[in-house]
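When the letters of the sequence shown are read in order and numbered with the numbering used here, they come out as residues 1299 to 1575.
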Amino acid sequence: MSKQKHKDTDTDTDTDEAKALSLGDLDLTRKLDEHDYLEAIDKLEKRFEAIQQAYLHTGDNAVVVFEGWDAAGKGGAIRRMVSRMDPRGFHVWPIAAPKPEEKALHYLTRFWARLPPKGQIAIFDRSWYGRVLVERVEGFASRDEWQRAYGEINAFEAMLADSGTKIAKIFLYIDADEQLQRFGKRLKDPMKRWKLSFEDFRNRDRWDEYVAAADAMLQRTNRPDAPWTLVPANDKKYARVAALTAIADRLSEGVDLSPRPLDPALEKAYRREVDGH
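As structure tokens, then:
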């Protein structure tokens, strides 16, 4: 397994990594201290609360895609994102291998059924990109199928964007040593062992193949209306703030996040009710 090269340490979360289209260019040494992390996360949680409230009024909707290495922190980032959001206004979709009945249909079919209605946000913990990642590397899709999928995915996302859906895509990357340490922590924690499987270790044997597949995916599906943000995730605090900042920026584009003014008629109805008692 190849080793990831590192650059000099930096604590700034406003990085050029968001523009990189190769995992090898990521600076995995980036960190964020506890104080800065807690301050940033608090602001981000409030931003997502405001975004969701605005969507309820404007009818905007959004799709958020999380992809990345096993144990890279997708679940943790999602938990922070939705911590102050009303569960009636979003849905988190953990995506596993397709069921037998789903395999009989076009691979995008199961994702169409999970798209958000107006005013809501759909968050995908893994997604349709499995076609050009795990299905490519493990041979679950033929060469013709996964090569064709780049165009199919671009067309799929273009249709969503054309209909007004905002799309944010995050890829979290960690190196092999960090991943193994996190696997060890999961193994020791009875509440987290369920996250670990033999497949996680088998995937490490094909690390370079997954890197090649991810780089190809990033280069061929990064578009202005559905951009990728690559996040160096060896430091969980840094990764969460970087990922959630990119998502919040994307979801708030062109949206008025200021609180809605009080409806005078509603206030009048309240006063009438109060005065009547």
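C-beta: ideal position from N, C-alpha, C; glycine also.
Check your understanding: How would you call residue 1536, buried or exposed, if buried means at least 16 neighbouring beta carbons within 10 angstroms?
Key -> Buried is the call here.
**Study point:** Separation of residue 1472 from residue 1422, as counted between CA atoms
**Key:** Computed Cα separation, rounded: 20 Å.
Review point. Under a Cβ-count criterion, where at least 16 other Cβ atoms within 10 Å of its own Cβ denotes burial, should residue 1350 be classed as buried or exposed?
Key: Buried: at least 16 other Cβ atoms inside 10 Å.
**Study point:** Cβ neighbours of residue 1498 in the same chain (closer than 6 Å, five flanking residues each side left out)
**Key:** Excluding positions up to five away in sequence, the list reads 1368.
Exercise for review: Could you tell me the distance, in whole angstroms, from the CA atom of residue 1493 to the CA atom of residue 1559?
Suggested key: Straight-line Cα distance between these residues: approximately 45 Å.
Review point. With burial defined as no fewer than 16 other Cβ atoms inside 10 Å of the residue's Cβ, what is the status of residue 1461: buried or exposed?
Key: In the assembly as shown, residue 1461 is an exposed residue. Its beta-carbon has fewer than 16 other beta-carbons within 10 Å.
Check your understanding: Exposed or buried, what is residue 1517 when buried is set at 16 or more other beta-carbons lying within 10 Å of its beta-carbon?
Key -> Looking at its Cβ environment, which holds fewer than 16 other Cβ atoms inside 10 Å, residue 1517 is exposed.
**Study point:** Beta-carbon separation (whole angstroms), residue 1476 vs residue 1532, contact threshold 8 Å
**Key:** The Cβ separation is near 5 Å, so the contact holds.
Point to revise | Where the beta strand (DSSP E) through residue 1530 begins and ends | key: Here the beta strand (DSSP E) through residue 1530 covers 1526-1530.
Check your understanding: Less than 8 Å separating the beta-carbons of residue 1528 and residue 1342?
Key -> The Cβ atoms of residue 1528 and residue 1342 lie no closer than 8 Å to each other.
**Study point:** Short Cβ contact (8 Å threshold) for residue 1507 with residue 1424
**Key:** Here residue 1507 is not near residue 1424, since their CB atoms are 8 Å or more apart.
**Study point:** Bridge partner(s) assigned by DSSP for residue 1464
**Key:** Note: residue 1464 sits in a beta bridge opposite 1360.
Practice item. Have a look at 1545, 1549, 1509, 1525 and flag the residue whose alpha-carbon is nearest the alpha-carbon of residue 1322. Key: For residue 1322, the nearest C-alpha among the options comes from 1509.
**Study point:** Bridge-paired residues (DSSP) for residue 1391
**Key:** Residue 1391 pairs with 1422.
Check your understanding: Relative to the C-alpha of residue 1542, which residue among 1359, 1340, 1379 is closest?
Key -> That would be 1379, whose Cα lies nearest to the Cα of residue 1542.
Review point. Would residue 1483 be called buried (16 or more neighbouring beta carbons within 10 Å of its own) or exposed?
Key: Taking all protein chains in view, the Cβ of residue 1483 is surrounded by fewer than 16 other Cβ atoms within 10 Å, so the residue is classified as exposed.
Check your understanding: Do residue 1405 and residue 1426 have their CB atoms nearer than 8 Å?
Key -> Cβ atoms of residue 1405 and residue 1426: closer than 8 Å.
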